[in-house]
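Visitor: Starting off with a structure, shown below.
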Amino acid sequence: MTSKPSGTLLASLQSVDTERIREISRKHLWQPLLQHSLLETQKPLVITEGKGCYLIDSEGHEYLDAFSGLWAVNIGYGRQEVADAVYRQMNQLNYYPLSQLNVPAALLAEKLASILPGDLERIFFVNSGSEAVETALKIARQYGRQKYPGENRYKIISRYRSYHGFTMGALSATGQKMRKRKFEPLVPGFLHAHPPYCYRCPLNLKYPACNIQCAEEIGNIIQHEGKESVAAVIAEPIIGGGGVIVPPPEYFPKLRKICDDHGVLLIADEVITGFGRTGTLFASEAFNIRPDMITLAKGISSAYLPLAACATTPEVFDVFLGSPGAELEFGQVSTFGGHPVACAAGLANLDILLRERLWENSAEVGSYLLKGLEQLKEFPIVGDVRGKGLLAGIEIVKDENKTPADDKIIGTILKEAREEGVIVGRMAMAVTDYNNVVALSPPLSLKKEEADRIVNALQKSIGKVARSL
Ligand SMILES: Cc1ncc(COP(=O)(O)O)c(C=O)c1O
Numbered sequence: 003m004t005s006k007p008s009g010t011l012l013a014s015l016q017s018v019d020t021e022r023i024r025e026i027s028r029k030h031l032w033q034p035l036l037q038h039s040l041l042e043t044q045k046p047l048v049i050t051e052g053k054g055c056y057l058i059d060s061e062g063h064e065y066l067d068a069f070s071g072l073w074a075v076n077i078g079y080g081r082q083e084v085a086d087a088v089y090r091q092m093n094q095l096n097y098y099p100l101s102q103l104n105v106p107a108a109l110l111a112e113k114l115a116s117i118l119p120g121d122l123e124r125i126f127f128v129n130s131g132s133e134a135v136e137t138a139l140k141i142a143r144q145y146g147r148q149k150y151p152g153e154n155r156y157k158i159i160s161r162y163r164s165y166h167g168f169t170m171g172a173l174s175a176t177g178q179k180m181r182k183r184k185f186e187p188l189v190p191g192f193l194h195a196h197p198p199y200c201y202r203c204p205l206n207l208k209y210p211a212c213n214i215q216c217a218e219e220i221g222n223i224i225q226h227e228g229k230e231s232v233a234a235v236i237a238e239p240i241i242g243g244g245g246v247i248v249p250p251p252e253y254f255p256k257l258r259k260i261c262d263d264h265g266v267l268l269i270a271d272e273v274i275t276g277f278g279r280t281g282t283l284f285a286s287e288a289f290n291i292r293p294d295m296i297t298l299a300k301g302i303s304s305a306y307l308p309l310a311a312c313a314t315t316p317e318v319f320d321v322f323l324g325s326p327g328a329e330l331e332f333g334q335v336s337t338f339g340g341h342p343v344a345c346a347a348g349l350a351n352l353d354i355l356l357r358e359r360l361w362e363n364s365a366e367v368g369s370y371l372l373k374g375l376e377q378l379k380e381f382p383i384v385g386d387v388r389g390k391g392l393l394a395g396i397e398i399v400k401d402e403n404k405t406p407a408d409d410k411i412i413g414t415i416l417k418e419a420r421e422e423g424v425i426v427g428r429m430a431m432a433v434t435d436y437n438n439v440v441a442l443s444p445p446l447s448l449k450k451e452e453a454d455r456i457v458n459a460l461q462k463s464i465g466k467v468a469r470s471l
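Here is the structure:
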């Protein structure tokens, strides 16, 4: 069973009527990705408190959150500094749009420009990862038309299995049939290539003899489509929701060269991998990506408030400069984009992340965690263990032929881990028949003892499931 919370976390427990919250939610809330008929028998947790890596539910159980909510709470829960910054800003100026300036948005843009890789120094603020991607796609299309006026560069290339968001443009870039098929037809002009997924190479090749054909494939697509029609390639450095797929080191330098050869922009979607998640401040550094644009969300505020951004280089931004009336400016506005309170939260979050050098802890404790997870291969149902920093995936299979484990098996592993007091994530409703990866993305302040606790919980839960098959 899960453990009881300690001292300070107990404060508000008494006041929550769990059954009432479940009942009114069952009547009025629409939860994401959930078949609501299951709520006749299943009881979702009512999460009431968070501190560090831990959550407390309304019945007093404590959980180590090894998924940071949704890959998001990089600095951990309950940091007073962020709450204070938000409170101060809310009292001073609760809102004004970026048609004029506000102090937190300006300071946060400056801060981001100083830590982002390469010369990504121009920041457009929005409110979610999907909007950040949407923004990057639109910048790419407008850039293409203004930079190459005789051409019509509008096509976007992404990879199967990748996830880029729920809005129609970002969803069109997404390479997951299950997330898309009920909403089709989507936006025209989106093409997909195979992912760098060595465990199940979609091209049936073996690394390194493959010579990274999956990157070459993107070059082939550009050639066949005609480079004059292609605006950008968008890629997560590590595919997250599509199964924590880590590319070989040669992949991104090769992809960069292909993009350069064809005048195509490269967008790194670092919504999950940014802000220390993979052991460097941005995964673009570790994978040698040198993006023209980067999309940021989640760790930008550690989800204390909704905040996201798209950052570009001067080379991209300059194409939007010109005389007034020439209509070269970027044609997009978001009411909440650059919200001063969200930006104040982002600044306080980055202060903590940078002061505590949490990416270094992510690298150190991440490789310790990964070593621990490797031990899970003692169970034949653990087909692959992969990751970088504090981002990891465990691919669960049924047999030596790598037949993917079904939904029920993955669901039971998660349930059993939760019984052990550890919340882990999973691929959900992504790739038909292949939603078989358990995902880990704990807060970056994770200690080695806590990594041990995650491994122990998975040893028990996976072990129990393996023995029952
Ligand atoms: C790589 C990536 N891009 C974009 C998004 C969309 O972010 P949001 O859910 O904040 O709209 C996600 C969400 O998980 C993501 O993982």
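At the far end of the sequence shown sits residue 471, using the working numbering, and the numbering has no gaps.
We put the CB at the ideal spot given by N, CA and C, even for glycine.
Values in this document were obtained by computation on a predicted structure and should not be read as measured data.
#1: Quick check on the DSSP output: the alpha helix (DSSP H) that includes E64 runs from which residue to which?
#2: Measure the beta-carbon distance from G340 to L118 and round it to whole angstroms, keeping in mind my assumption that it falls under 8 Å.
#3: Residue range of the beta strand (DSSP E) that F192 falls in?
#4: Between E272, L356, S286, G281, which lies nearest to A310 when the distance is taken from Cα to Cα?
#5: Taking DSSP as the reference, what is the three-state secondary structure of G80?
#6: Just to confirm, is the Cβ distance from K404 to G385 under 7 Å?
#7: Rounded to whole angstroms, how far is the Cβ of E227 from the Cβ of L193, which I believe are closer than 8 Å?
#8: Within the present structure, is the beta-carbon of S60 separated from the nearest heavy atom of ligand 1 by less than 6 Å?
#9: In three-state terms, what does DSSP make of I354?
#10: Taking only runs of the alpha helix (DSSP H) that begin and end inside the region 312–351, which ones reach a length of at least 4 residues, in chain order?
#11: Report the residue ranges of all alpha helix (DSSP H) runs contained in full by the region 166–207; include only those spanning at least 4 residues, in chain order.
#12: Would you kindly check if the distance between the Cβ of N437 and the Cβ of A407 is under 7 Å?
#13: Return yes when the Cβ of Y79 is within less than 7 Å of the Cβ of G52, no when it is not.
#14: Quick check on this structure: which residue in V266, S463, I456, F381 has the alpha carbon closest to the alpha carbon of E1?
#15: Cα-Cα, which of V246, E380, H38, A233 is closest to L460?
#16: Use the C-beta contact count for R163: other C-beta atoms within 10 angstroms, 16 or more gives buried, fewer gives exposed.
#17: Give me the Cα-Cα distance between T137 and C312, rounded to the nearest whole angstrom.
#18: Based on the DSSP secondary-structure assignment, which residues constitute the bridge partners of L393?
#19: When DSSP labels each residue in this structure, what does M92 get in the three-state scheme?
#20: Tell me the rounded alpha-carbon separation between R181 and P239.
#21: At the level of alpha carbons, what is the spacing between D435 and D320?
#22: Report buried or exposed for G9, applying the criterion of at least 16 other Cβ atoms within 10 angstroms of its Cβ.
#23: Here's the rule I'm using: 16 or more other beta-carbon atoms within 10 Å means buried, otherwise exposed. How should D19 be labelled?
#24: Nearer than 6 Å: is that true of the beta carbon of V384 relative to any heavy atom of ligand 1?
#25: To which residues of the same chain is G472 closer than 6 Å at the C-beta, ignoring the five residues directly before and after it?
#26: Quick check on DSSP: helix, strand or coil for R143?
#27: How many whole angstroms separate the CB atoms of G395 and G245, which I take to be in contact at a CB cut-off of 8 Å?
#28: In whole angstroms, give me the CA-to-CA distance for I49 and A347.
#29: What first and last residue would you give for the alpha helix (DSSP H) that runs through A211?
#30: Take the Cβ of N93 as the centre, count every other Cβ of all protein chains shown within 10 Å, and call the residue buried at 16 or more, exposed below.
#31: Locate the beta strand (DSSP E) running through L442, then write down its first and last residues.
#32: If you draw a straight line from the alpha carbon of E366 to that of P106, how long is it in whole angstroms?
#33: Indicate whether the contact test is met: 3 or more Cβ pairs, each with one atom in the region 349–362 and one in the region 370–379, closer than 8 Å.
#34: Shorter than 6 Å, the distance from the beta carbon of A299 to the closest heavy atom of ligand 1, or not?
#35: Mind checking H30: buried by the 16 CB within 10 Å criterion, or exposed?
#36: With respect to the beta strand (DSSP E) encompassing S116, which residues constitute its N-terminal and C-terminal limits?
Guide: Once the coordinates are examined:
#1: Element bounds for E64: not the alpha helix (DSSP H) but the beta strand (DSSP E), 64–67.
#2: Contact doesn't hold; Cβ gap of about 17 Å is too wide.
#3: 192–195
#4: E272
#5: coil
#6: yes
#7: 7 Å
#8: no
#9: helix
#10: 316–319
#11: 170–175, 179–182
#12: no
#13: yes
#14: Nothing can be reported for residue 1, as the shown portion of the chain is limited to 3 through 471.
#15: E380
#16: buried
#17: 7 Å
#18: K390
#19: helix
#20: 20 Å
#21: 45 Å
#22: The predicted model places G9 with a pLDDT of 44, which falls under 50 and marks its position as unreliable; any figure quoted below should be read in that light. It counts as exposed.
#23: exposed
#24: no
#25: For the chain, the structure presents residues 3 to 471; residue 472 sits outside this window and is missing.
#26: helix
#27: 6 Å
#28: 21 Å
#29: Note, A211: premise wrong, no alpha helix (DSSP H); not H, not E.
#30: exposed
#31: 439–442
#32: 32 Å
#33: no
#34: yes
#35: exposed
#36: No beta strand (DSSP E) holds S116; the alpha helix (DSSP H) holding it covers 105–117.
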